[in-house]
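**Q** Quick one: structure below, then a few questions.
Number of protein chains: 2
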Amino acid sequence: MSLVPKDDKVLQEILQAAREIFSKFGLKKSTMEDVARSIGKGKSTLYYYYSGKNELFEAVIKDELDKHIKNMQRAISNASGPLAKLKALFLERLELKKQLLNLGQVVQQDFFDNFETLLNIKKELEITQVGFVKEIVREGIEGGEFRNLSEEDITLFSYWVVAGFGGLDHPVYTSDCLKHSDVFTEKVTGFILYGLKK
Amino acid sequence: MSLVPKDDKVLQEILQAAREIFSKFGLKKSTMEDVARSIGKGKSTLYYYYSGKNELFEAVIKDELDKHIKNMQRAISNASGPLAKLKALFLERLELKKQLLNLGQVVQQDFFDNFETLLNIKKELEITQVGFVKEIVREGIEGGEFRNLSEEDITLFSYWVVAGFGGLDHPVYTSDCLKHSDVFTEKVTGFILYGLKK
DNA sequence: GACTATTTGACAAAATTAGTCTAATAATCT
DNA sequence: AGATTATTAGACTAATTTTGTCAAATAGTC
Numbered sequence: 001m002s003l004v005p006k007d008d009k010v011l012q013e014i015l016q017a018a019r020e021i022f023s024k025f026g027l028k029k030s031t032m033e034d035v036a037r038s039i040g041k042g043k044s045t046l047y048y049y050y051s052g053k054n055e056l057f058e059a060v061i062k063d064e065l066d067k068h069i070k071n072m073q074r075a076i077s078n079a080s081g082p083l084a085k086l087k088a089l090f091l092e093r094l095e096l097k098k099q100l101l102n103l104g105q106v107v108q109q110d111f112f113d114n115f116e117t118l119l120n121i122k123k124e125l126e127i128t129q130v131g132f133v134k135e136i137v138r139e140g141i142e143g144g145e146f147r148n149l150s151e152e153d154i155t156l157f158s159y160w161v162v163a164g165f166g167g168l169d170h171p172v173y174t175s176d177c178l179k180h181s182d183v184f185t186e187k188v189t190g191f192i193l194y195g196l197k198k
Numbered sequence: 001m002s003l004v005p006k007d008d009k010v011l012q013e014i015l016q017a018a019r020e021i022f023s024k025f026g027l028k029k030s031t032m033e034d035v036a037r038s039i040g041k042g043k044s045t046l047y048y049y050y051s052g053k054n055e056l057f058e059a060v061i062k063d064e065l066d067k068h069i070k071n072m073q074r075a076i077s078n079a080s081g082p083l084a085k086l087k088a089l090f091l092e093r094l095e096l097k098k099q100l101l102n103l104g105q106v107v108q109q110d111f112f113d114n115f116e117t118l119l120n121i122k123k124e125l126e127i128t129q130v131g132f133v134k135e136i137v138r139e140g141i142e143g144g145e146f147r148n149l150s151e152e153d154i155t156l157f158s159y160w161v162v163a164g165f166g167g168l169d170h171p172v173y174t175s176d177c178l179k180h181s182d183v184f185t186e187k188v189t190g191f192i193l194y195g196l197k198k
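One line per chain: the protein sequences are A and B, in this order.
Our numbering numbers the first residue of the first sequence as 1 and each following residue consecutively.
Our numbering numbers the first residue of the second sequence as 1 and each following residue consecutively.
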């Protein structure tokens, strides 16, 4: 994503600064000069590492998503049983949503789709999440908690769950729901599992 | 300050919207379009009431200061004895500082001085505060808590106190101090009163 | 309807920002 | 030390955004 990933220290510095500036002002009102100034460098330095403002923004988003995918992986590994794993996944997904909100009004699906690379990133995120859900479901089937499903059905089910995650990103859902995240999580997890019970 | 103070409702609407936008983005990154959009009107409407962006900003500041002067007045009236009054004044002054910080990085003295009208407003604020302090000191002298001072000395003392208030606006003072506002207030009030004790 | 007040949209001038490019500077190697 | 490569910055232009203007449209009042 970056032109010359030679000096990792500067790269990280730029990413961190950019994340903060974009979070504070949003993409539109943030300038490359803002980012540069905040790390005490010239704007040209940024262009040495990233080919443009949008590219920097994409890098910030991708960096953020990568971190969250890792967090999801870790959360699932740390949980015992499919129920706990699904819950952990769901909670982590909510966290991802919060972070995207924090990146200055970029969570709107239409805005997100405007970047071709971001679209690819989104697909990757979707596939990764589907993978997580499939893994959990398979574990539940093998453990006897869930009814037996064909591989095809597992895939379909997993895509449905992840579609539900995506739906949470739409502005139809207000912050009030997120405030009651424990109750909300239980309910949604319950809905999800209803389709799997023996 | 406004060109045509005819429709007070729209005027207030603009002021309120402007306050929020300026607080969120600061003066520089806020646009008249932002303000207009947030009240669902055209930008030209803003120019009908205010001759320019800076003029609108000044109006917001002046409105804010007026409110705080009233609050200072009320706080002093409600307090008993010069010590309590001085403390109340000081706390209210800190509140004013917070509000100015909230208006998007305008608290810097040099920035403040850039506006001639704002300079006049600042002088007015200074004179008002000096008046409050003098009142409090006189009360303490008459009540026997403070040593007797000439009118000239009272004036000098009051200007010194208000200068101290102004010093708080400089970036040398970090937010950490403001976090411990009770201890901070006690200490500063103590320093102030030290010069007055019998 | 006539008159006045308010609001808006189109637009030009001014200001700001993104991005380019060359020179300066720093780092590395021989 | 000089040569080479990598990184950084400043000057600058083109593109974009913002401020402010002004005439027309619209709303309100008599």
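Think of the CB as a built atom: it goes at the ideal place given N, C-alpha and C, for glycine as much as any other residue.
1. If the criterion is Cβ atoms closer than 8 Å, does the pair B:S158 and B:V133 meet it?
2. Am I right that B:I136 and B:K85 are in contact with their C-beta atoms under 8 Å? What's the rounded C-beta distance?
3. In chain order, what residues of the same chain have a beta carbon less than 7 Å from the beta carbon of B:I141, not counting five sequence neighbours either side?
4. DSSP has B:F90 in a bridge; who is on the other side?
5. List the whole-angstrom C-beta distance separating B:D34 from B:I21, where the pair is believed to meet the contact cut-off of C-beta under 8 Å.
6. Taking the straight line between their C-alpha atoms, what separation do you get for B:A18 and B:K87?
7. Cutting at 7 Å between CB atoms, please list the residues of its own chain near A:K43, excluding the five before and the five after it.
8. With a CB to CB cut of under 7 Å and the five nearest residues on each side skipped, what residues in its chain are close to B:M72?
9. Would you mind sorting A:S80 into buried or exposed? The rule is 16 or more other CB atoms within 10 Å of its CB.
10. In chain order, what residues of the same chain have a beta carbon less than 7 Å from the beta carbon of A:K29, not counting five sequence neighbours either side?
11. Quick check on this structure: which residue in A:E139, A:N78, A:H68 and A:E95 has the alpha carbon closest to the alpha carbon of A:T128?
12. In whole angstroms, give me the CA-to-CA distance for A:L83 and A:E145.
13. Following the continuous alpha helix (DSSP H) through B:T31, name the residue where it begins and the one where it ends.
14. Could you spell out where the alpha helix (DSSP H) holding B:A75 opens and where it closes?
15. Under the three-state reduction of DSSP, which class applies to A:K134: helix, strand or coil?
16. On the DSSP letters alone, give me the boundaries of the alpha helix (DSSP H) that A:Y47 sits inside.
17. Let me know the secondary structure DSSP gives A:G40 once reduced to three states.
18. In angstroms, rounded to a whole number, what distance separates the CA positions of A:E124 and B:L46?
19. Output the distance between the C-alpha atoms of A:E95 and A:A75, rounded to the nearest integer angstrom.
20. Taking the Cβ atom as the reference point for each residue, do A:E64 and A:Q99 lie within a distance shorter than 8 Å?
21. Can you list, in chain order, the residues of its chain with a C-beta nearer than 7 Å to that of B:E126? Leave out the 5 residues immediately preceding and following it.
22. Rounded to whole angstroms, what is the Cα-Cα separation between B:S23 and A:A59?
23. Spatial neighbours of B:I154 within its chain, please: CB distance less than 7 Å, with the 5 preceding and 5 following residues excluded, ordered by chain position.
24. Buried or exposed for B:D176, please, with buried defined as at least 16 other CB atoms from any protein chain shown within 10 angstroms of its CB.
25. Which whole-angstrom value is the C-beta distance of A:F25 and B:F25, which I expect to be below 8 Å?
26. Are the beta-carbon atoms belonging to B:V10 and B:Y50 less than 8 Å from one another?
27. Excluding the 5 residues flanking B:V130 on each side, which residues of the same chain have their C-beta closer than 7 Å to its C-beta?
**A** Taking the coordinates as given:
1. yes
2. 5 Å
3. N148 and L149
4. DSSP lists no partner for B:F90.
5. 5 Å
6. 32 Å
7. M32, E33 and A36
8. L89, E92 and F132
9. exposed
10. none
11. A:H68
12. 9 Å
13. Run containing B:T31: none; DSSP gives neither H nor E here.
14. K53 to N78
15. helix
16. K43 to Y49
17. coil
18. 46 Å
19. 12 Å
20. yes
21. V162
22. 29 Å
23. K134, V137 and R138
24. Note that B:D176 scores a pLDDT of 38, beneath 50, so its modelled location is shaky and nothing firm can be said.
25. 7 Å
26. no
27. S158, Y159 and V162
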